[in-house]
Amino acid sequence: MESQWADGGSVDLDDTRLEALSPQPLLTRDYETRPALVYERLRQQHGPVAPVDLLGVPAWLVLGYREALQVLQDDDGWPKGLENWRARSEGRVPADWPLGPSLEVNHILIQGGPGYRPLRTAWDVALKPFQDPRHPQAKRLKSAVTAYADELITLVGQGGRTGVADLSAQFSRPLPLMVASHLLGFPGSQGDDALMDMWRVLDAGPDAEAALERLLATLAELAALKLEKPGDDFPSYLLAAHPGLSLDHLARELFMLLGMTSDHVGILISNTVVEVISGESSVRASLSAGMVRETMNRVVMRKPPLVNFVPRFAARDTPLGNYTIRAGDPVWVSSAAAHADPLFADHVASGTTISTRAHLSWGAGPRQCPARELASTVAAAGVGRLFERFSHLDLALPADQLPWRSSPFMRGLRSLPVRYALASAPPARPMVDDPVPGVAEEVLPDQSARQRSSLWRYLTGLIRGGR
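Every number in our numbering is 24 more than the matching position in the sequence shown, counting from 1.
As structure tokens, then:
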């Protein structure tokens, strides 16, 4: 069988079914340490689409940029929704498949079918107050990010005005979780226990299952509270925009916002910090010129936090790359591999201050991440405040020795050890245009409640342990 390419060329398609290909495992030690080499090896062997084994389950991995766009921009031809997975419907996906629990939580990133469109519309409505800079809630959010960043930096400073810190554990990971707690409208510091459980779930340790149960129960309680007493927060806005949501469904949506945006943003902050302090002088100059967003665009082009998107499924037998993808086959788009596709990467100027925005870090097409502007704002504000408060930051390890953690979806630093020096005096907190009355008082919980929270006890313990 022959397929015509968009450039006028053609390729002989391999019609072998996925189940008959005996694909090699993707999630190996090599993938953990050197994923780029794994992607390139697959590209050399199979072309822009490769069969892989995901912990015992066969799937297609999209490596080509053009093919990634083809899938991401065609929601009808490549829909989401586990009900479209032929092997699952036929009972060929093991009940104890390790990736099953994360894909079975049917929220906005996973859901397909007719229920998706009204849910996505509700998400867009509920997020707009936080993403529209003219809205009071967006101004409160910006103030909250700065306040939480200052809290965390001040806590680091309790270990000394100069010293060594792990900016991942002490800044990049807690900051977006704290902001997410603000978005969810947790009373006082009650959300801090939920944030610790979210960490346990993301780290997939031995206590992850129990932490997930506690977290979903906590989010269900929060959902019930917002149903009874709505506030100026995301769950209340989502309920107002989609009144038919059950409390269980709302809890799953809150779980997605808390987990996905926090992990994504935390990795983005760490990766941007590494880019700045280990990069050339032009990188630091662009940051000092206020071009944090452009620096982040360059970072996600080379090291996207979300390396592989959740699966889509072929609606019908479709040629893609050098293969025919059968109806119901799972297709995982790899943004990391697509960004490294020579047909795309060779056209991206790496040395320019102004970066391309053609990256796929937030997806593409009609299902592009609904919270991308929110997440970018939090990351940019956090990074900006970090370099305002520290007069010196330097890696405590060579960049090529920094420890990474990889999962089927995300890739980020396990730790970010730095040598630091705080500025002699903290800069004044930046004012937002048209400030909202009462914002400063609303942002932070009282210190006695903060000191009792599990998150703050953990962060304080890091300071004491580092002395």
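Think of the CB as a built atom: it goes at the ideal place given N, C-alpha and C, for glycine as much as any other residue.
inquiry  = Per the DSSP calculation, Met434 is bridged to which residue(s)?
reply    = Reading the sequence shown from its first residue, position 410 is the one you call residue 434. Leu330, per the DSSP bridge assignment.
message = Whole angstroms are fine: how far does the CA of Val402 sit from the CA of Ala423?
response = Position 399 of the sequence shown, counted from the first residue, corresponds to residue 423. Position 378 of the sequence shown, counted from the first residue, corresponds to residue 402. Using only the alpha carbons, I get a separation of about 25 Å.
message = Taking the alpha carbon of Arg409 as the reference point, which residue from Ser478, Asp231, Thr178 and Ala360 has its own alpha carbon closest?
response = Position 385 of the sequence shown holds residue 409. When only C-alpha atoms are compared, the closest one is Thr178.
message = Suppose the cutoff is 8 Å on Cβ atoms and the five residues either side in sequence are ignored; what does the same chain contact list for Thr52 look like?
response = As a first step, residue 52 must be located in the sequence shown, where it is residue number 28. Excluding residues within five positions, the ones whose Cβ falls inside 8 Å are Val62.
request  = Label Phe414 either buried or exposed according to how many other C-beta atoms from any shown protein chain fall within 10 Å of its C-beta, with 16 as the threshold for buried.
outcome  = One-based indexing of the sequence shown puts residue 414 at position 390. Looking at its Cβ environment, which holds 16 or more other Cβ atoms inside 10 Å, Phe414 is buried.
request  = Indicate whether Arg41 and Arg350 have their beta-carbon atoms separated by less than 9 Å.
outcome  = Here residue 41 refers to the residue found at position 17 of the sequence shown. Here residue 350 refers to the residue found at position 326 of the sequence shown. Arg350 is positioned such that its CB atom lies closer than 9 Å to that of Arg41.
message = Would the stretch 163-176 count as touching the stretch 189-204 if we require 3 or more Cβ pairs under 8 Å?
response = yes
query = Does DSSP put Gln28 in a helix, a strand or coil?
reply = Indexing the sequence shown from 1 puts residue 28 at position 4. Since pLDDT at Gln28 reaches only 41, below the 50 mark, its modelled position is unreliable, and the value read off the structure follows with that caveat. It is a strand residue.
task = Write down every uninterrupted run of the beta strand (DSSP E) in the stretch 178-212 whose length is 3 residues or greater and which is fully enclosed by it, in chain order.
result = 186-190
query = Do the stretch 428-435 and the stretch 383-400 meet, that is, are 3 or more Cβ pairs less than 8 Å apart?
reply = no
key: Same chain, Cβ closer than 7 Å to Val95, neighbours up to 5 away in sequence not counted   = Along the sequence shown, read from residue 1 onward, the residue named residue 95 stands at position 71. Here the set comprises Val86, Trp102, Arg336, Val355 and Val357.
query = Along the chain, where does the alpha helix (DSSP H) that runs through Ser448 open and close?
reply = The count along the sequence shown starts at 1 and reaches residue 448 at position 424. According to the DSSP assignment, Ser448 belongs to no alpha helix (DSSP H), since it is labelled neither H nor E.
ask   = Per DSSP, Ser358 forms a beta bridge with which residues?
value = Here residue 358 corresponds to residue number 334 of the sequence shown, with the count starting at 1. The partner list for Ser358 (beta bridge, DSSP) reads Asn332.
task = Name the one or two DSSP bridge partners that Ala74 has.
result = Counted from its first residue, the sequence shown places residue 74 at position 50. Per DSSP, Leu85.
task = Use the C-beta contact count for Gln69: other C-beta atoms within 10 angstroms, 16 or more gives buried, fewer gives exposed.
result = Along the sequence shown, one-based indexing puts residue 69 at 45. Label assigned to Gln69: exposed.
task = Answer yes or no: do His131 and Met222 have a C-beta to C-beta separation smaller than 9 Å?
result = Here residue 131 refers to the residue found at position 107 when the sequence shown is read from its first residue. Here residue 222 refers to the residue found at position 198 when the sequence shown is read from its first residue. Judged by their CB atoms, His131 and Met222 are not nearer to each other than the 9 Å cut-off.
request  = Take Arg238 as the anchor and find which of Lys250, Ala218 and Asp257 has the nearest alpha-carbon.
outcome  = In the sequence shown, residue 238 corresponds to position 214, counting from 1. It is Ala218.
task = Name the one or two DSSP bridge partners that Arg443 has.
result = One-based indexing of the sequence shown puts residue 443 at position 419. The partner list for Arg443 (beta bridge, DSSP) reads Val188 and Asp418.
task = Please report how far the alpha carbon of Asp36 lies from the alpha carbon of Asn346, in whole angstroms.
result = Mapped onto the sequence shown, residue 36 falls at position 12. Mapped onto the sequence shown, residue 346 falls at position 322. So the two alpha carbons sit approximately 7 Å from each other.
query = Would you call the CB atoms of Leu151 and His266 closer than 9 Å?
reply = Taking the first residue of the sequence shown as position 1, residue 151 is located at position 127. Taking the first residue of the sequence shown as position 1, residue 266 is located at position 242. Their beta carbons are not under 9 Å apart, which means Leu151 does not touch His266 by this criterion.
task = Give the straight-line distance between the Cα atoms of Asp365 and Val203, rounded to the nearest whole angstrom.
result = Numbered from 1 along the sequence shown, position 341 holds the residue referred to as residue 365. Numbered from 1 along the sequence shown, position 179 holds the residue referred to as residue 203. Distance between the alpha carbons of Asp365 and Val203: 35 Å.
ask   = Mapping DSSP to helix, strand and coil, what is Pro390?
value = For the purposes of this step, residue 390 is taken as residue 366 along the sequence shown, with counting starting at 1. Under the three-state reduction of DSSP, Pro390 is assigned to helix.
message = Which of the three DSSP states is assigned to Asp520 in this structure?
response = In the structure as shown, the chain begins at 25 and stops at 491. Residue 520 is therefore absent and cannot be evaluated.
Those residues which DSSP pairs with Leu344 across a bridge = Residue mapping note: residue 344 aligns to position 320 of the sequence shown, counting from 1. Under DSSP, Leu344 takes part in a beta bridge, and its partners are Tyr347.
ask   = Between Gly75 and the rest of its own chain, which residues show a CB-CB distance below 8 Å, the 5 nearest in sequence each way excluded?
value = For the purposes of this step, residue 75 is taken as the residue at position 51 of the sequence shown. A small fix is needed here, since residue 75 is Pro in this sequence, not Gly. If we look at Pro75 and ignore the five residues flanking it on each side, its Cβ neighbours are Leu42, Leu45, Pro47, Pro82, Ala83, Trp84, Leu85 and Tyr347.
ask   = Under three-state DSSP, which class holds Ala464?
value = Looking up residue 464 in the sequence shown gives position 440. In this predicted model, Ala464 has a pLDDT of only 43, less than 50, meaning its place in the structure is not dependable enough to derive any value.
key: For Val180 and Ala447, the rounded distance between their alpha carbons   = Locating residue 447 in the sequence shown gives position 423, counting from the first residue. Locating residue 180 in the sequence shown gives position 156, counting from the first residue. Each residue's Cα considered, the two are about 13 Å apart.
Classification of Arg67 by the beta-carbon crowding that lies within 10 angstroms, buried from 16 upward = The sequence position of residue 67 within the sequence shown is 43, counting from 1. Burial call: buried.
ask   = Beta-carbon separation of Met220 and Ser478 under 9 Å?
value = Numbered from 1 along the sequence shown, position 196 holds the residue referred to as residue 220. Numbered from 1 along the sequence shown, position 454 holds the residue referred to as residue 478. Yes; because the gap between Cβ atoms is below 9 Å, this pair is in contact.
Same chain, Cβ closer than 8 Å to Leu271, neighbours up to 5 away in sequence not counted = In the sequence shown, residue 271 corresponds to position 247, counting from 1. So the list reads Ala244, Ala247, Ala248 and Leu251, once near-sequence residues are dropped.
Length of the line joining the Cα atoms of Val334 and Ser113 = Position 310 of the sequence shown holds residue 334. Position 89 of the sequence shown holds residue 113. Rounded to whole angstroms, Val334 to Ser113 spans 18 Å at the Cα level.
task = Note down, in chain order, each residue of its chain lying with its Cβ closer than 8 Å to the Cβ of Ala232, except the 5 sequence neighbours on either side.
result = On the sequence shown, position 208 is the one that residue 232 refers to. Here the set comprises Arg224 and Val225.
message = Using the three-state DSSP reduction, which class does Trp428 fall into: helix, strand or coil?
response = Numbered from its first residue, the sequence shown carries residue 428 at position 404. Strand.
inquiry  = Going by DSSP in three states, Pro138 sits in which element: helix, strand or coil?
reply    = In the sequence shown, counting from the first residue as 1, residue 138 sits at position 114. Three-state result, Pro138: coil.
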